[in-house]
Amino acid sequence: MEIAHLNEFIILAQYKNYFKASQSLYIAQSTLSKHIVALENECSYQLIDRSNKQIKLTEAGELFLHYAQLIVQNHQEMQEHLQQQTASEITSINLGTSRVMIEYGITEIVSETMKAHPNLRFKVHEGFEPDLHQMIEEGRIDISFLRERTPAIGEYSYTYVQERLCAVVDKSHAFAAESEISLNMLKDIELYMTPDFTLEHELFLSLCKREQFYPMISFTAPRIENLLEMAHIGEGVALIMEQQARYFADDCIKIIPFAPNITTYINMTVHDHVTINDGIAAFINLVKLESIATSENE
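Take 1 as the starting number for the sequence shown in UniProt numbering and just add one per residue.
Encoded structure:
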């Protein structure tokens, strides 16, 4: 017996009128009548006394109504409990990343984890380090991927990527044939960089200060594509983290090591308030495996 048909029988018994019951159920009278007959055929008892114009239940119909109400009520309770159980199994992860989702393969790791653990839900907060650090302090980020000065420290912190700053020029640029670009070579050269609050920009300025070098940073932009476009159409040099440069670069661009070396680390941290379940553990393991693969390919 279908639960929907049992519910229709209960409504009909309540209204004692096919027209009113069918309106309440948003179905045709003929459909309701067919469903009631189907119930009678299934239980092999006449449930409706059709000798009068007014709907009246037979004795079998009254007994059937009692158990139909119990079945429908139990079914509703079962559905509610199942929904509650499913909701309790869902884990929402607030993932904070500093503009590195796509070019560092984090999106692929999220996708692979969700395939294996469909009850995981990822809410991505992608932005700059100062904003993300504020969200972390407020407890609004569960797992973060941040660019930092040093390798990861702590039980639930892992270095995902280690990379260095590189110089990017158009292939027609005078520096295109160089195997390395030094700080002194950038004297009076227009430089294109990420904004001054980014870590790579801060580290570069610290180097310039130590070397008493005065850079000519003529263009800053948060999007790597804009920096590469400036390098392509302008006469200057873009200073970009190597993996980001390689992800977005095309055949018109030359990527050259920069000296002295400026190194940063993309560190993943699972923050203290997070309870690590099977899904989160799987995500962590995929990050660690990808980190190992990246290190071996370097």
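The C-beta atom is built at its ideal place from N, Cα and C for all residues, glycine as well.
| Query | Result |
| --- | --- |
| Assigned secondary structure, GLN14 (DSSP; H/G/I helix, E/B strand, else coil) | helix |
| ASN277, buried or exposed, once every other Cβ within 10 Å from all chains shown has been counted against 16 | exposed |
| Which residues DSSP lists as bridging HIS125, in chain order | GLY96 |
| Cβ pair ASP196, LEU228 closer than 9 Å | no |
| Helix, strand or coil at ARG210 according to DSSP, with G and I counted as helix | helix |
| Nearest to LEU286 (by Cα), restricted to the options GLU80, LYS16, SER111 and ARG210 | SER111 |
| Beta-carbon contacts of ILE102 that lie in its chain and below 6 Å, excluding the five residues immediately before and after | none |
| Integer Cβ distance of ILE262 from LEU165, believed to fall under 8 Å | 4 Å |
| Nearest-angstrom Cα separation, counted from ILE141 out to residue 310 | With the chain represented from 1 up to 298, any question about residue 310 goes unanswered, as that position is not in the structure. |
| Entirely enclosed alpha helix (DSSP H) segments - the segment 124-191, minimum 4 residues | 129-137 |
| Residue range of the beta strand (DSSP E) that includes ASN226 | Per DSSP, ASN226 belongs to no beta strand (DSSP E); it is in the alpha helix (DSSP H), 224-233. |
| Own chain, CB closer than 8 Å to VAL168, minus 5 neighbours either side, in chain order | LEU227, LEU228, ALA231, VAL237, ALA238, LEU239, ILE240, ALA245, ALA249, ILE253, LYS254, ILE255 and ILE256 |
| 6 Å CB neighbourhood of SER182 in its chain, flanking five on each side removed | ALA259 |
| Cβ pair TYR265, ARG99 closer than 9 Å | no |
| Cutoff 7 Å; reference LYS288; Cβ partners in own chain excluding five residues on either side | TYR158 |
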